[in-house]
Structures are given as structure tokens and as C-alpha cells.
Amino acid sequence: MTLPQLYVVLLAGGLVLLASIAAARTASRLGLPSLLLFLGLGVLIGEDVLGVPFDDAQLAQTLGTTALAVILVEGGLSTRWADVRRLLAPSALLATAGVVISVLVTAAGAHYLLGMDWQLALLLGAIVSSTDAAAVFAVLRSLPLPRKLASMVEAESGFNDAPTVILVLVFSASGGLPGPLSIGGQMVYQITTGAVIGLAVAVVGVVTLRYVALPASGLYPLASFGFGICAFAAAGAANASGIIAAYLSGIVLGNAVLPHRAATRSFAEGAGWLAQIGLFVMLGLLVDPSELLDALLPALAIGAFLLLVARPISVAACLIPFRIPWREQAFISWAGLRGAVPIVLTTFPIVAQVPGALDVLHIVFVLVVVFTLIQGPGLLGITRLLGLVRPEEAREVDIESAPLDVLDAELLTVTVPEGSRLHGVEVSELRLPPPAAISLVIRDGSALVPAPDTRLYESDQLLIVATARTREEVERRLRAVGRRGRLARWHGERGDPDPKPDRPRHENGGTGRWRSLRRRSPEPAPSTRSRPEEEIGSRSSISATADAG
């Protein structure tokens with residue numbers, strides 16, 4: 027490639043990237059999943075429209091797998107372990123047994139409804155049975171859902187790609203189908219080995235980033251992301267699941283106490299978006315629009331069967347032992363969004379030259395587009411219909427640190443989120459452990475040095491200096507007050523990262539009396555926001571009861 031040709035390629039790539047970003051903004055305003063517009067952009071610049079040829083399934087498989095690794099590392103880095111660990115068992119069951127059940131039921135539908143032979147039907151069932159991590163992360167995190175429910179679907183989407191890839195590779199192989207024991211053995215080896223490698227690489231990354239000072243803050247996000255990619259590649263080299271390794275390593279690195287966590291998450295989010303854009307545009311280029319019309323009816327039939335029959339059966343069968351309410355099961359069934367993963371998986375049988383593989387590609391492409399258009403925008407309506415929307419639920423305080431090595435201290439940055447009980451609390455009522463102190467409050471674009479009687483309000487940004495020894499206690503106190511207000515200790519709230527069920531009680535053991543008292547006399551929140559210059563010196567009286575908090 028000559029230098030002028032390189033300039034043309036870079037210009038075209040930059041224009042496609044900017045057009046995709048504009049498409050993402052448009053999709054957000056219209057309430058549509060952005061992947062649809064990315065796929066449409068790929069089809070638009072393809073051979074049948076603007077004339078850019080691309081039909082290399084092997085290259086699409088390689089680039090697509092790499093993009094999935096980036097997306098899963100980003101998903102792991104942005105996943106809160108406190109939300110996931112209590113849901114590990116149901117999520118893992120949905121991602122393994124749930125996938126197998128969905129594959130078998132969908133394959134039966136494809137065999138009897140479309141007349142496919144069993145190998146091709148099983149292949150189609152395996153391809154469409156995986157929920158897409160990118161689509162789930164993008165859609166669910168914008169909905170006012172209980173974190174338990176959203177985290178279960180997110181964890182499932184992060185874990186279920188691995189068994190799906192294994193099944194697709196098995197059904198794409200030439201010769202007869204292997205027995206169930208052989209398939210089960212492969213799944214156990216790949217998932218277990220991938221998990222071990224991912225965790226080992228992540229532990230090495232945590233130890234390295236915690237004790238080795240890097241010369242620039244921008245290197246911390248690169249290093250964290252680099253460890254996740256190394257976990258993916260190491261697992262793949264061991265013939266294990268790189269997808270599981272990438273996701274688990276991202277979770278460990280994203281939840282460890284490391285410098286510049288917010289910068290790391292921001293970098294990972296940008297890398298994830300870049301991977302999604304490139305992946306969906308490339309997959310749009312891969313398909314032939316003139317052949318999609320013939321796939322419309324088969325795609326609608328299989329998609330409806332998957333959404334209304336196969337997915338609900340697999341969810342119900344896996345969640346029976348956990349006594350999940352039927353409303354939440356219905357939501358989990360509907361929230362099984364498909365996206366890039368099924369389309370990437372169609373490249374495996376094409377590369378393996380399985381007869382009918384191109385027809386499967388067209389069916390899957392139409393299925394993803396149509397049912398993402400149905401399921402994605404309909405999620406908010408489904409949550410409201412099922413009574414699962416929690417708009418009043420306060421969001422957790424997001425705390426970030428930057429190391430101050432000379433003082434053996436850390437600078438914590440806290441933004442008071444909407445609905446937090448930190449709203450209206452005075453600085454002195456936080457009772458941060460000494461020598462921790464709020465050094466600055468940024469409000470409405472202005473900086474304010476707080477006094478003890480300065481009240482905090484929603485959207486305030488706080489700069490807190492704390493020593494390494496007191497940091498954990500500071501974070502606990504902030505979380506506790508954010509959840510239960512200035513009387514957090516009275517309520518028994520200790521600010522654990524993994525919040526306990528709501529059990530109001532007195533410090534000395536009382537339970538029912540305080541519950542009824544709270545019902546009669548709820549703690550009022552300030553209804554108006556005073557200007558920073560007006561609130562200095564406006565000390566509010568604190569009762570002896572409040573002092574107990």
C-alpha cells in the first residue's frame with residue numbers, strides 16, 4: 027500500500043467512524059439500539075450500494091473474535107462484583123444449562139418448522155441461543171432496573187458466549203456429531219481452564235498495578251486493558267475459552283482498588299464503542315442485501331419461536347431452584363438480546379464450508395435486526411408492565427482515587443448522584459474518620475471550600491483527602507450515608523460494598539419499634555437548594571438522636 031492509498035483508507039475509516047458516532051447519537055434520541063444503525067451503515071457502504079466489496083469470512087471471523095474480546099474486557103471492567111457475586115449461581119446456570127436447553131428447543135423448531143436437517147438445525151440453534159454482551163450492556167444500564175435483575179442478565183451475557191462458541195465449533199466440524207459426553211467434556215475443560223487463566227492473569231495485573239508506580243496516569247488504563255487482552259490470548263493458546271478469561275480478568279481488574287479506576291473505565295468504554303462500531307459495520311459489509319428477502323420468513327419464524335418458546339423454557343428450567351418471581355423470569359426471557367455474537371458465529375460454519383452456511387448467515391442477520399428492533403425499544407415498556415421499574419432507587423456513590431505517594435494519602439473524588447441520601451447532609455454529619463476531610467466542593471461550576479455546616483446537594487462533586495489507612499472506612503461511611511442518610515448507623519447501615527437486605531433496627535437490638543416510628547415520621551429532605559454563599563454559617567441543630575448516626 028502506497029502512502030497516498032494509506033491516506034485514502036484513513037480518511038474513509040475516519041469518516042465511517044464519525045458517521046457511526048453520529049448514528050449512535052441518533053439511535054439514542056430515537057430510543058433504538060445503536061447496533062442497528064451500525065449494521066445499516068455497513069450495508070450502505072457495501073458492494074450492493076456504494077460498491078465497497080467484502081466477502082472474506084475468514085478475515086471477518088478473526089476481526090470479529092478480536093472485537094468480542096475487547097467488548098468483554100470492557101464489560102468486565104464496568105461490572106460491579108458486589109452486584110454479581112450473589113447471582114453467580116443462577117447466571118452460570120443460565121449461561122450453561124440454559125444455553126443447551128435453548129439450543130435443543132430451537133433446533134427442534136428449525137427442524138420441524140423449516141425442514142432443516144438436524145446438524146444444520148442444531149447449528150442454527152447454537153448460533154442464536156447466545157445473548158449479546160454489547161447489546162445487553164448498552165441497553166440495560168440505561169434502564170431504572172433493580173441492580174439484582176440487571177446484573178443477572180449482564181452476567182449471563184458475559185458468560186454464555188463461551189459454551190455457545192464451543193457448540194458452534196462442534197456442530198461445524200465435518201463428520202458425524204460427537205456424543206453428549208464428548209461435548210460436555212470439551213465445555214468443562216475450556217470453561218474451567220479459561221476461568222483459571224483469566225483469574226491468574228488478573229491477579230498478576232492487580233499486584234503489578236498496585237505496587238509499581240507508572241510514569242504517567244494514562245498508562246494505567248492501557249495496562250489494565252492490556253492484562254485483559256493477555257488473558258484472552260493466553261487462554262486461546264491453551265485451547266481454552268478466551269472469552270471467559272477476558273470477562274473474568276476484566277471483573278477482577280475493574281473491582282480491585284487500583285489508581286485511576288475512573289480513567290480506566292472511561293478508556294475501556296471508548297475501546298468498547300470502537301470495537302462495536304468496527305464489528306457491526308464489518309458484519310453489515312459481509313451480508314448480501316439482495317439475498318436477505320428470501321430469509322425474511324424463516325428468520326421471523328425462528329426468531330418468534332426462540333423469543334416465545336425456547337428462551338422462556340430455558341429461563342424457567344434454570345431458575346426454578348432459585349425461586350425467582352415470574353415477573354423477573356418474564357423480563358429475563360424478553361431481555362435476551364441478540365447482536366454481534368450470533369452474526370460473528372455464522373462465520374465459523376462458512377469458513378468450515380458447511381453446506382447451507384450462507385443461508386444460516388442471512389437468516390441470523392435478519393433475525394438479529396428484526397428482533398433487536400422489537401425487543402430493545404420494548405424493554406422499558408415491559409419493565410413498566412411487569413412493575414419492575416424503580417425510578418426512585420438511589421444510585422451508589424462512585425468513588426475514585428488518585429495516589430498521593432509523598433503523603434501516603436489518596437485523593438477521593440465523589441459525585442453525589444440523583445436520589446442519594448447524601449443530599450441535604452451537612453459536612454459535619456458525615457463524621458469521616460480523622461484525618462480524612464472534604465477539601466473542596468464543586469457546585470454548578472464553582473468551587474467552594476466547605477465549612478462544617480455546609481450542606482451537600484445532588485450533583486455536587488467532592489474532593490476528599492484520606493490516608494491509605496482510613497480510605498476503606500471513608501468509603502464505607504459515604505456509602506452508608508448515601509443509602510440511609512445521616513442516621514445510617516442508627517438504621518444498622520455500615521456501608522458494605524455488598525448491601526444487605528433492608529432490616530431497619532436500633533443499634534442496641536430494637537427492630538419493630540423503629541420500623542413503625544420511621545413510617546410515622548419520615549426524615550424530611552431539603553426541598554430547595556441554597557446558594558453556596560448563603561449557606562455558610564446557617565448551622566442546623568442536630569438532635570441527640572441524630573448524633574447517634
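What the sequence shown shows, in my numbering, is residues 27 to 575, in sequence order. Just so it is clear, CB atoms sit at the ideal spot from N, CA and C, and this is done for glycine as well. No experiment lies behind these values; they were computed from the predicted model shown.
Review point. Does DSSP put Val75 in a helix, in a strand, or in coil?
Key: On the sequence shown, residue 75 is found 49 positions in, with the first residue counted as 1. Assignment of Val75 by DSSP, reduced to helix, strand and coil, places it in the coil class.
Check your understanding: Going by other Cβ atoms of all chains shown within 10 Å of its Cβ, with 16 needed for buried, is Ser46 buried or exposed?
Key -> As a first step, residue 46 must be located in the sequence shown, where it is residue number 20. Flag for Ser46 reads buried.
Exercise for review: Decide yes or no for the touch test of the segment 174 to 188 against the segment 262 to 270: beta carbon pairs closer than 8 Å, at least 3 of them.
Suggested key: The segment 174 to 188 vs the segment 262 to 270: in contact.
Check your understanding: Is Gln487 buried or exposed, if buried means 16 or more other CB atoms sit within 10 Å of its CB?
Key -> Within the sequence shown, the letter at position 461 stands for residue 487. Looking at its Cβ environment, which holds fewer than 16 other Cβ atoms inside 10 Å, Gln487 is exposed.
Practice item. Determine contact between the segment 405 to 414 and the segment 369 to 389, defined as no fewer than three beta-carbon pairs at a distance below 8 Å. Key: In short, these stretches do not touch, since the Cβ pair count stays below three.
Check your understanding: CB-CB under 7 Å to Phe357, same chain, minus the five flanking residues each way: which ones, in chain order?
Key -> The residue labelled residue 357 in the question sits at position 331 within the sequence shown. Leaving aside the five residues that flank Phe357 on each side, the residues in its chain whose CB is nearer than 7 Å to its CB run, in chain order, Leu175, Ile408, Thr409, Leu412 and Leu414.
Exercise for review: Go ahead and pull the three-state DSSP assignment for Ser553.
Suggested key: Working through the sequence shown from its first residue, we reach residue 553 at position 527. Because the pLDDT at Ser553 is just 42, under 50, the model does not fix this residue reliably, and the value given afterwards should be weighed accordingly. Ser553: coil per DSSP, three-state reduction.
**Study point:** Close beta carbons around Ala327, own chain, < 6 Å, minus the five adjacent residues each side
**Key:** Within the sequence shown, numbered from 1, the residue matching residue 327 stands at position 301. For Ala327, same chain residues with a beta-carbon under 6 Å away, outside a window of 5 residues either side, are Leu139 in chain order.
Point to revise | Residue from Ala264, Ala263, Leu235 and Val442 with nearest C-alpha to Gly252 | key: Here the question's residue 252 lines up with position 226 in the sequence shown. For Gly252, the closest C-alpha among the options Ala264, Ala263, Leu235 and Val442 is that of Leu235.
Practice item. Report yes or no: do three or more beta-carbon pairs, one from the segment 255 to 269 and one from the segment 88 to 103, lie closer than 8 Å? Key: Flag = yes, the segment 255 to 269 and the segment 88 to 103 touch.
Review point. Just reading off the beta strand (DSSP E) that Ile468 is part of, what are its end residues?
Key: Numbered from 1 along the sequence shown, position 442 holds the residue referred to as residue 468. Ile468 -> beta strand (DSSP E) spans Ala463 to Arg469.
Point to revise | Proximity below 8 Å, CB of Pro241 to CB of Ile217 | key: Within the sequence shown, numbered from 1, the residue matching residue 241 stands at position 215. Within the sequence shown, numbered from 1, the residue matching residue 217 stands at position 191. Contact: no.
Check your understanding: Hey, Val491 and Ser465: beta-carbon distance below 8 Å or not?
Key -> Residue mapping note: residue 491 aligns to position 465 of the sequence shown, counting from 1. Residue mapping note: residue 465 aligns to position 439 of the sequence shown, counting from 1. Cβ atoms of Val491 and Ser465: closer than 8 Å.
Check your understanding: Leaving out five residues before and five after Ser292 in sequence, what residues of the same chain have Cβ atoms less than 8 Å from its Cβ?
Key -> Taking the first residue of the sequence shown as 1, we reach residue 292 at position 266. Taken in chain order, the residues that qualify are Pro247.
Point to revise | Span of the beta strand (DSSP E), counted from its first residue to its last, around Ile97 | key: The residue labelled residue 97 in the question sits at position 71 within the sequence shown. Under the DSSP assignment, Ile97 falls outside any beta strand (DSSP E), being part of the alpha helix (DSSP H) whose first and last residues are Ala83 to Leu103.
Practice item. Please report how far the alpha carbon of Ser128 lies from the alpha carbon of Gln84, in whole angstroms. Key: Here residue 128 corresponds to residue number 102 of the sequence shown, with the count starting at 1. Here residue 84 corresponds to residue number 58 of the sequence shown, with the count starting at 1. Whole-angstrom Cα-Cα distance: 27 Å.
Review point. From Trp360 to Leu406, what does the alpha carbon distance come to, in whole angstroms?
Key: Stepping through the sequence shown from its first residue, residue 360 is reached at position 334. Stepping through the sequence shown from its first residue, residue 406 is reached at position 380. When the Cα atoms are used, Trp360 and Leu406 turn out to be separated by approximately 11 Å.
Practice item. Look at Gln355 and Leu363 and say whether their C-beta atoms are less than 8 Å apart. Key: Taking the first residue of the sequence shown as 1, we reach residue 355 at position 329. Taking the first residue of the sequence shown as 1, we reach residue 363 at position 337. With respect to the 8 Å criterion, Gln355 and Leu363 are not classified as neighbours on the basis of their beta carbons.
Point to revise | Cβ neighbour criterion (16 or more within 10 Å) applied to Arg112 | key: Along the sequence shown, one-based indexing puts residue 112 at 86. Exposed, by the Cβ-count rule.
Exercise for review: Can you grab the Cα-Cα spacing for the pair Val196 / Glu295, in whole Å?
Suggested key: The residue labelled residue 196 in the question sits at position 170 within the sequence shown. The residue labelled residue 295 in the question sits at position 269 within the sequence shown. Taking the CA atoms as reference points, Val196 sits about 33 Å from Glu295.
Check your understanding: Glu498 lies in the beta strand (DSSP E); which residues open and close that run?
Key -> Counted from its first residue, the sequence shown places residue 498 at position 472. Residue range Arg497 to Arg510 is occupied by the alpha helix (DSSP H) that includes Glu498, with no beta strand (DSSP E) assigned at that position.
Practice item. Could you spell out where the beta strand (DSSP E) holding Val491 opens and where it closes? Key: Your numbering for residue 491 matches position 465 in the sequence shown. Start and end: Gln487 to Thr493.
Check your understanding: Near Leu311, what residues of its chain come up, given a Cβ to Cβ distance below 6 Å and the 5 sequence neighbours on each side ignored?
Key -> Looking up residue 311 in the sequence shown gives position 285. If you ignore the 5 residues before and after Leu311, its C-beta comes within less than 6 Å of the C-beta of Gly68, Gly72 and Phe80, all in its own chain and listed in chain order.
Check your understanding: In this structure, does DSSP put Val15 in helix, strand or coil?
Key -> With the chain covering only 27 through 575, there is no way to say anything about residue 15.
**Study point:** C-beta atoms of Arg447 and Arg510 nearer than 8 Å
**Key:** As a position in the sequence shown, residue 447 is number 421, starting the count at 1. As a position in the sequence shown, residue 510 is number 484, starting the count at 1. Taking C-beta atoms as the reference points, Arg447 and Arg510 count as a pair closer than 8 Å.
**Study point:** Inter-residue CB distance, Gly124 and Val341 (contact presumed, cutoff 8 Å)
**Key:** Numbered from 1 along the sequence shown, position 98 holds the residue referred to as residue 124. Numbered from 1 along the sequence shown, position 315 holds the residue referred to as residue 341. Taking a contact as a CB-CB distance under 8 Å, the pair Gly124 and Val341 counts as one, their CB atoms being some 7 Å apart.
Exercise for review: Would you mind sorting Ser547 into buried or exposed? The rule is 16 or more other CB atoms within 10 Å of its CB.
Suggested key: Within the sequence shown, residue 547 is the residue found at index 521, counting from 1. Model confidence at Ser547 stands at a pLDDT of 39, short of 50, so the residue's coordinates are unreliable and nothing is read from them.
Review point. Looking at Leu334 and Val392, is the spacing between their C-beta atoms short of 8 Å?
Key: Here residue 392 corresponds to residue number 366 of the sequence shown, with the count starting at 1. Here residue 334 corresponds to residue number 308 of the sequence shown, with the count starting at 1. The answer is no: Cβ separation not under 8 Å.
**Study point:** Bridge-paired residues (DSSP) for Glu452
**Key:** As a position in the sequence shown, residue 452 is number 426, starting the count at 1. Paired residue(s): Arg481.
Review point. From Gly220 to Ala264, what distance separates their C-alpha atoms?
Key: Start at 1 with the first residue of the sequence shown, and residue 220 comes out as number 194. Start at 1 with the first residue of the sequence shown, and residue 264 comes out as number 238. Approximately 8 Å between the Cα atoms of the pair.
Check your understanding: Which residues share a DSSP beta bridge with Ser472?
Key -> Looking up residue 472 in the sequence shown gives position 446. When beta bridges are read from the DSSP output, Ser472 appears opposite Arg469.
Point to revise | Delimiting residues of the alpha helix (DSSP H) encompassing Ser359 | key: Sequence index remark: in the sequence shown, residue 359 carries index 333 (1-based). Counting along the chain, the alpha helix (DSSP H) containing Ser359 begins and ends at Trp352 to Trp360.
Point to revise | Member of Pro285, Leu482, Leu319 and Leu300 whose CA lies at the smallest distance from the CA of Val238 | key: Counting from 1 along the sequence shown, the entry for residue 238 is found at position 212. Here the closest residue by C-alpha is Pro285.
Exercise for review: Report the three-state DSSP secondary structure of Thr219 (helix, strand or coil).
Suggested key: On the sequence shown, residue 219 is found 193 positions in, with the first residue counted as 1. If DSSP states are grouped into helix, strand and coil, Thr219 belongs with the helices.
Check your understanding: Where do the N-terminal and C-terminal ends of the alpha helix (DSSP H) with Asp187 fall, by residue?
Key -> Position 161 of the sequence shown holds residue 187. Segment Asp187 to Ser198, the alpha helix (DSSP H) holding Asp187.
Review point. With DSSP run on the structure shown, which of helix, strand or coil describes Glu519?
Key: In the sequence shown, the residue the question calls residue 519 occupies position 493. Residue state, collapsed to three classes: coil.
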